[in-house]
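Q:
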Amino acid sequence: MTLPLMPKATAVWLIEKTGLTFTQIAEFCGMHPLEIQAIADGEVAAGIVGYDPVKNHQVSQDDIARCEKNPDLRLKMLANHSPVARRSKGARYTPIAKRNDRPDAIAFLLRQFPQLSEAQIIKLLGTTKDTIAKVRDRQHWNSANIKPRDPVILGLCSQTDLNASVQSANERLTREGQAVPVSIPDSFEDADV
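What follows is the structure, encoded as structure tokens:
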């Protein structure tokens, strides 16, 4: 069971504002009933301000009222409806140590996912059109040392971002009536025989 945010402060609030048993509060907050009793006696958490789990959408007032009537019932945590943190759009910082890996990642994407547009590669890796063109045409200053390597393993983009870009590129090709490229194994051992 997931615990409420700030369990001790939540326990303080439940002790002060509700008629729940120590066992009910302890199970909801993930604490021992004796610790809840010590909080109620003022021996522990004397300076902690109570944290309202109802106002913060962790438990409903109806659930508290239901559990106050029957000490055998347990409080249930409400489902978390907070949105998933999304990365902001735009340029992101790439450490200096990883910047030298970008041409390798570009070469990998050009080879493995030719359906990706330059704009998608730019967005995934935080690179420029000029760099992509130089890697594609083998005009890059370090062209002799470029080895195609997976940008996810290099830490330049996440697998979910890469999958989303490939999916949208495949959908674009399907809409345009073009064939979607199939990945070819690198060696004979990878092929299904």
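Numbering (this note's numbering), first residue to last: 30 to 222. Ideal Cβ positions, reconstructed from N, Cα and C, are used throughout, including at glycine. Because the structure is a prediction, the values reported are computed rather than measured.
(1) Which runs of the beta strand (DSSP E) spanning at least 3 residues fall entirely within the region 59-113, listed in chain order?
(2) Would you check if the region 175-193 and the region 124-142 touch, i.e. whether three or more CB-CB distances between them fall below 8 Å?
(3) With Phe-137 as the anchor, note down where its alpha helix (DSSP H) starts and where it stops.
(4) What three-state label does DSSP hand Val-41 in the structure shown?
(5) Report all residues from its chain with a CB closer than 7 Å to the CB of Ala-74; omit the five preceding and five following residues, and keep chain order.
(6) Using 8 Å as the threshold, is the region 47-61 in touch with the region 94-102, meaning 3 or more CB pairs across them?
(7) Can you tell me which of the three DSSP states Ala-208 falls into?
(8) Looking only at its chain, what residues have a beta carbon closer than 6 Å to the beta carbon of Pro-82, apart from the 5 residues adjacent to it on each side?
(9) According to the neighbour-count rule (16 or more other Cβ atoms, all chains shown, within 10 Å of its Cβ), is Gln-149 buried or exposed?
(10) On the three-state DSSP scale, how would you describe Asn-192?
(11) If we ignore side chains and look at the alpha-carbon of each, how far apart do Cys-186 and Trp-170 end up?
(12) Quick one: what does DSSP say Lys-46 is sitting in, helix, strand or coil?
(13) DSSP state of Leu-153, grouped into three classes?
A: Taking the coordinates as given:
(1) Runs of the beta strand (DSSP E) spanning 3 or more residues and lying entirely within the region 59-113 do not occur at all.
(2) Under the Cβ criterion (8 Å, minimum of three pairs), the region 124-142 counts as touching the region 175-193.
(3) Here the question's residue 137 lines up with position 108 in the sequence shown. Going by DSSP, Phe-137 is part of the alpha helix (DSSP H) stretching over 131-141.
(4) Taking the first residue of the sequence shown as 1, we reach residue 41 at position 12. Helix.
(5) The residue labelled residue 74 in the question sits at position 45 within the sequence shown. Same-chain partners within the cutoff: Lys-37, Val-41, Ile-68.
(6) With a cut-off of 8 Å, the region 94-102 and the region 47-61 count as touching, because enough Cβ pairs lie within range.
(7) Taking the first residue of the sequence shown as 1, we reach residue 208 at position 179. Three-state DSSP puts Ala-208 in coil, outside helix and strand.
(8) Stepping through the sequence shown from its first residue, residue 82 is reached at position 53. Taking Pro-82 as the centre and dropping the five residues before and after it, the same chain places the C-beta of Pro-33, Thr-39, Val-88 closer than 6 Å to its C-beta, in chain order.
(9) Position 120 of the sequence shown, counting from 1, holds the residue named residue 149. Buried is the call here.
(10) Indexing the sequence shown from 1 puts residue 192 at position 163. Asn-192 carries a helical assignment under DSSP once its states are collapsed to helix, strand and coil.
(11) Locating residue 186 in the sequence shown gives position 157, counting from the first residue. Locating residue 170 in the sequence shown gives position 141, counting from the first residue. Between the alpha carbons of Cys-186 and Trp-170 lies a distance of about 23 Å.
(12) Position 17 of the sequence shown holds residue 46. Helix, per DSSP.
(13) One-based indexing of the sequence shown puts residue 153 at position 124. Here Leu-153 sits in helix by DSSP.
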